[in-house]
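Following: one structure in structure tokens, then a few remarks.
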Amino acid sequence: MKKSLFQITMIIPVILLLCFTFSCQQQVEEGITEEEARALVERDQEIWNEGNLALADELIAPDYVEHTADISEDIVGIEAFKEGVAYRRTNYPDFNITIEELIVKNDRIVWRWIFTGTNTGTTSDIPPTGKKTRMEGVGILRVVNGKIIERLIYYNEATQLSQLGYTIIPPQPSEEK
Numbered sequence: 009m010k011k012s013l014f015q016i017t018m019i020i021p022v023i024l025l026l027c028f029t030f031s032c033q034q035q036v037e038e039g040i041t042e043e044e045a046r047a048l049v050e051r052d053q054e055i056w057n058e059g060n061l062a063l064a065d066e067l068i069a070p071d072y073v074e075h076t077a078d079i080s081e082d083i084v085g086i087e088a089f090k091e092g093v094a095y096r097r098t099n100y101p102d103f104n105i106t107i108e109e110l111i112v113k114n115d116r117i118v119w120r121w122i123f124t125g126t127n128t129g130t131t132s133d134i135p136p137t138g139k140k141t142r143m144e145g146v147g148i149l150r151v152v153n154g155k156i157i158e159r160l161i162y163y164n165e166a167t168q169l170s171q172l173g174y175t176i177i178p179p180q181p182s183e184e185k
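So the mapping is simple: my numbering equals the position in the sequence shown, first residue as 1, plus 8.
The following block contains the structure:
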């Protein structure tokens, strides 16, 4: 009896220590596999490359937010996303994005892409030029429950504008009197 009581008094603290240790560990959000990520990005490309806006309802979360380098305000929600795709495809009817590299970590997909398209529509204050453009960029997608909830898009807009025929004119020094 003494021996079993001793064993119990030694085992209980060990069990409590293990329970405390495992309950205090930070829970890591389960992510998606590289195969799932590639399939999601390819379906997302179908929205952009083919203008399949109906697919957005399957892939985009209702509380979607997009942060894009050339837009001062975030795009929020599925309808705003669809409007953004339609606007870009109007300006570049042959809009095409290809995946160059894909990295997956937890709920994030980082992908390097190449965009090509012919500018035949008015973009902001820029009239159509009829010129083809090619630019590289990086996108970061955050995925929750199989849907894209957040998108960050980075690229060098000056590259695109120079291909459309625009130049950057540096400010001239003011003349002192």
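Cβ atoms here follow ideal geometry from the backbone N, Cα and C, with glycine treated the same way.
Remember, it's a predicted structure, so these values are computed and weren't measured experimentally.
Look up residue i in the DSSP assignment and say whether it is helix, strand or coil.
{"i": "Gln90", "result": "Reading off the sequence shown, one finds Lys at residue 90, where the question assumed Gln. Three-state result, Lys90: helix."}
{"i": "Asp71", "result": "strand"}
{"i": "Tyr174", "result": "coil"}
{"i": "Glu183", "result": "coil"}
{"i": "Asn127", "result": "coil"}
{"i": "Ile161", "result": "strand"}
{"i": "Thr167", "result": "helix"}
{"i": "Ile79", "result": "coil"}
{"i": "Asn186", "result": "Residue 186 lies beyond the range of the chain shown here (9 to 185); nothing can be said about it."}
{"i": "Ile122", "result": "strand"}
{"i": "Asn99", "result": "helix"}
{"i": "Ile218", "result": "Outside the shown range of the chain, which is 9 to 185, sits residue 218, and nothing can be said about it."}
{"i": "Ala45", "result": "helix"}
{"i": "Asn57", "result": "helix"}
{"i": "Val146", "result": "strand"}
Here's the rule: buried if 16 or more other CB atoms are within 10 angstroms of the residue's CB, otherwise exposed. What is residue i?
{"i": "Arg142", "result": "exposed"}
{"i": "Gln34", "result": "Bear in mind that the predicted position of Gln34 carries a pLDDT of just 39, short of 50, making it too unreliable to give a figure here."}
{"i": "Asp52", "result": "buried"}
{"i": "Gln180", "result": "exposed"}
Between residue i and residue j, which are expected to be in contact by the criterion C-beta below 8 Å, what is the C-beta distance as a whole number of angstroms?
{"i": "Trp56", "j": "Ile107", "result": "With 8 Å as the limit, Trp56 and Ile107 do not qualify as a contact, their Cβ atoms being about 11 Å apart."}
{"i": "Thr126", "j": "Tyr100", "result": "6 Å"}
{"i": "Ile40", "j": "Val112", "result": "7 Å"}
{"i": "Arg150", "j": "Asp115", "result": "6 Å"}
Could you pull out every residue in the same chain whose Cβ sits closer than 7 Å to the Cβ of residue i, ignoring the five residues on either side in sequence?
{"i": "Ile86", "result": "Ala64, Asp65, Ile68, Pro70 and Tyr72"}
{"i": "Lys155", "result": "Leu67, Ile68 and Ala69"}
{"i": "Ala77", "result": "Ile161, Tyr162, Tyr163 and Glu165"}
{"i": "Ser182", "result": "none"}
{"i": "Thr131", "result": "Asn99"}
{"i": "Gln168", "result": "Thr141 and Met143"}
Tell me which same chain residues have a C-beta within less than 6 Å of the C-beta of residue i, skipping the five on either side of it?
{"i": "Asn45", "result": "Sequence inspection shows Ala at residue 45; the Asn mentioned does not correspond to that position. So the qualifying residues of the chain are Val112 and Ile117."}
{"i": "Thr124", "result": "Asn104 and Arg142"}
{"i": "Asn60", "result": "Glu54"}
{"i": "Val84", "result": "Val73"}
Can you name, in chain order, every residue of its own chain whose Cβ lies under 8 Å from the Cβ of residue i, other than the five neighbours on each side?
{"i": "Thr128", "result": "Asn99, Tyr100, Pro101, Pro136 and Gly138"}
{"i": "Trp121", "result": "Ile105, Thr106, Ile107, Glu108, Glu144, Gly145, Val146 and Gly147"}
{"i": "Asp133", "result": "none"}
{"i": "Glu50", "result": "Ile107"}
{"i": "Glu42", "result": "Leu110 and Val112"}
Counting pairs of Cβ atoms below 8 Å between the segment 75 to 94 and the segment 169 to 184, do you hit three or more? no
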